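Visitor: Protein chains in written order, with our numbering: chain V, 10 to 269; chain A, -15 to 246.
1. Please identify, using Cβ separations under 9 Å, the residues of the region 178 to 199 of chain V that lie next to chain A, in order along the chain.
2. Can you tell me where the alpha helix (DSSP H) with residue 137(A) in it begins and where it stops?
3. Shortest alpha-carbon distance to residue -2(A) belongs to which of 184(A), 27(A), 185(A), 197(A)?
4. Figure out for me which residue from 235(A), 32(A), 43(A) has the closest Cα to the Cα of residue 23(A).
5. What residues of chain A sit near residue 74(V), judged by a beta carbon separation below 8 Å?
6. Using a Cβ cut-off of 7 Å, pull out every chain V residue sitting near residue 265(A), in sequence order please.
7. Can you pull the chain V neighbours of residue 73(A), defined as C-beta to C-beta under 8 Å?
8. Are the C-beta of residue 56(V) and some C-beta of chain A separated by less than 9 Å?
9. Can you name the residues of chain V whose CB is closer than 7 Å to the CB of residue 83(A)?
10. Taking buried to mean at least 16 other C-beta atoms within 10 Å of its own C-beta, is residue 154(A) buried or exposed?
11. Does chain V have any CB closer than 9 Å to the CB of residue 97(A)?
12. Classify residue 108(V): buried if its beta carbon has 16 or more other beta carbons within 10 angstroms, exposed otherwise.
13. Could you check the C-alpha separation between residue 10(V) and residue 58(A) for me, to the nearest Å?
14. Can you tell me where the beta strand (DSSP E) with residue 203(A) in it begins and where it stops?
15. Within a Cβ cutoff of 6 Å, which residues of the same chain sit near residue 18(A), ignoring the five residues on either side of it in sequence?
16. What three-state label does DSSP hand residue 66(A) in the structure shown?
17. Between the alpha carbons of residue 255(V) and residue 208(V), how many angstroms are there, rounded?
18. Return the bridge partner residues of residue 247(A) from the DSSP annotation.
19. Tell me whether residue -15(A) is buried or exposed, calling it buried when 16 or more other Cβ atoms sit within 10 Å of its Cβ.
20. Can you list the residues of chain V that residue 10(A) reaches, using a CB-CB cut of under 7 Å?
21. Work out the CA separation of residue 99(A) and residue 103(V) for me, nearest whole Å.
22. Quick test of your reading: residue 56(A) and residue 86(A), contact by CB under 8 Å. State the CB separation rounded to the nearest angstrom.
23. In this structure, does DSSP put residue 134(V) in helix, strand or coil?
24. When the Cα of residue 235(V) is compared with those of 245(V), 247(V), 246(V), 222(V), which residue comes out closest?
25. Step through the CB atoms of chain V and report whether any lies within less than 9 Å of the CB of residue 76(A).
26. Where DSSP assigns a beta bridge to residue 18(A), which residues make up the other side?
27. Using CA coordinates, which residue listed in 173(V), 57(V), 259(V) is at the minimum distance from residue 224(V)?
28. So which residues on chain V does residue 200(A) lean against when the C-beta distance must stay under 9 Å?
29. Determine the extent of the alpha helix (DSSP H) in which residue 95(V) is found, giving its start and end residues.
30. Count the C-beta pairs between the region 161 to 175 of chain A and the region 188 to 195 of chain A that are closer than 8 Å, then say yes if the count reaches three, no if not.
31. Going by DSSP in three states, residue -1(A) sits in which element: helix, strand or coil?
32. Quick one: residues in its chain with C-beta nearer than 7 Å to the C-beta of residue 69(A), no 5 flanking neighbours on either side, listed in chain order?
33. Taking Cβ positions only, does residue 51(A) come closer than 9 Å to chain V?
34. Name the one or two DSSP bridge partners that residue 34(A) has.
35. Please state whether DSSP places residue 148(V) in a helix, a strand or coil.
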């Protein structure tokens, strides 16, 4: 049965808005009732956001964070996708490289912060390196498993049309694995956004992560801390939503059941 | 309607496909399985041959060996006197279902094997086959928008578009419901009559074989040998309740070892 437009509107927009409103109310009254002087109320956070905007620091911090994420994530994509395709294509290579990958993969990028500072010093390259490390592994794993799970029927159909190995990889294997690769990229972008904040707290002196730690360290401005946290959350949500739009492109949509 | 570059084959020519003493043995870890044993078969140009036999007897193995997907352990397969040594777009295998590429449109699928043609030639070829398999109006649709029968017609169009010498169909309608299957038989026959390709079709449907084929090759259980060959000497369109049709159908059932009275 097709649901009415009103029902969809209610479920998609109105109820989530109510949930946000309830959360804000609970937050507001909790601050009031406990009488805390440390944790800010929603209203003071809003004033904090306005203050940041007024001082023109917010856009600079957002663009610094986004720049680092874009560069680190792009590097991870450029390295991760071809590497994953190779590993999926050559199972023997996968066997050789897999133990190293599996050893490196569980190490949190946070643990790499001291090492990255030794390598690159304080600055952009260190943060970008951490973002790269955090996001490259899910991409490699998704691409490799994408290739190895391409149905043999597609390979045979491709071979049947006289494709060379390179053509088969480009015209059959890659498009067949693309939905899985996109899932890997989306997960990685989420991780990249998590990592940039952590990296900016230690390895650089700008960006939203730095804004969080700097607001706390210089004057215990928790209104600004929470304001920065909220902005981090909103941008993360926007990034994920943009990526979900990619999944709706017709040539990959077949691989996403939820979008079909 | 004939397209430039697609010749209508001459039926009276020498055998199109020749299978000589073909044997296939699979080497397992601790045992060997003989799948095909001494298969000899000649198929003429433009002929429609069905392969039937018990389930698991090696029908698909035979098709794979003929298509060059499988190296025979002994014997050989040649097409137009040329030895088959690997997959080639001159002989196309059509699989059961899910063989079309879901990331390409109907046009993209049909044009898949036509990368070497110029843009206008490719467009012309695609348009011809869209019309032949009656998918007009669906050119820009993706396979997920098509029914099972339409997907199979698309697969046949994709195969025919590269102008193959031989078309191998591996239970092409096996996954379709019975009504669609009967309709697809009519479609395949119409396409075959229009294009006159040499077709080898594996089926486990006796009616399908008797309705479509010029000859039905009956294989034994594993290792498959040719047990019988039945020539269907009824012109198309075939009346499926005519006495001759029913006699041939019964004969085929007997050859397979099935009682025709249950």
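For every residue, glycine included, the Cβ atom is placed at its ideal position computed from N, Cα and C.
These figures come from a predicted structure and were not determined experimentally.
Guide: In terms of the structure at hand:
1. 180, 181, 184, 185, 187, 188
2. 132 to 145
3. 27(A)
4. 43(A)
5. Simply none; closest approach about 34 Å.
6. Any answer about residue 265(A) is impossible in this case: the structure gives chain A only from -15 up to 246.
7. 169, 170, 171
8. no
9. 162, 166
10. buried
11. yes
12. exposed
13. Note that residue 10(V) has pLDDT 49, beneath the 50 cutoff, so the model's placement of it is unreliable and the number below is only indicative. So the two alpha carbons sit approximately 59 Å from each other.
14. 199 to 203
15. 9, 207
16. strand
17. 28 Å
18. In the structure displayed, chain A extends from -15 to 246; residue 247(A) sits before or after that span and is not available.
19. Confidence at residue -15(A) is low in this model, with a pLDDT of 46, below 50, so the placement of that residue is unreliable and no value is reported for it.
20. Within chain V, no residue comes near residue 10(A); the closest Cβ sits about 16 Å away, beyond 7 Å.
21. 32 Å
22. Wrong, their Cβ atoms sit about 33 Å apart, outside the cutoff.
23. helix
24. 222(V)
25. yes
26. 9(A)
27. 57(V)
28. Going along chain V, no residue has its Cβ under 9 Å from residue 200(A), so there is no contact; the nearest lies around 25 Å.
29. 67 to 98
30. yes
31. strand
32. 52
33. yes
34. 185(A), 200(A)
35. helix
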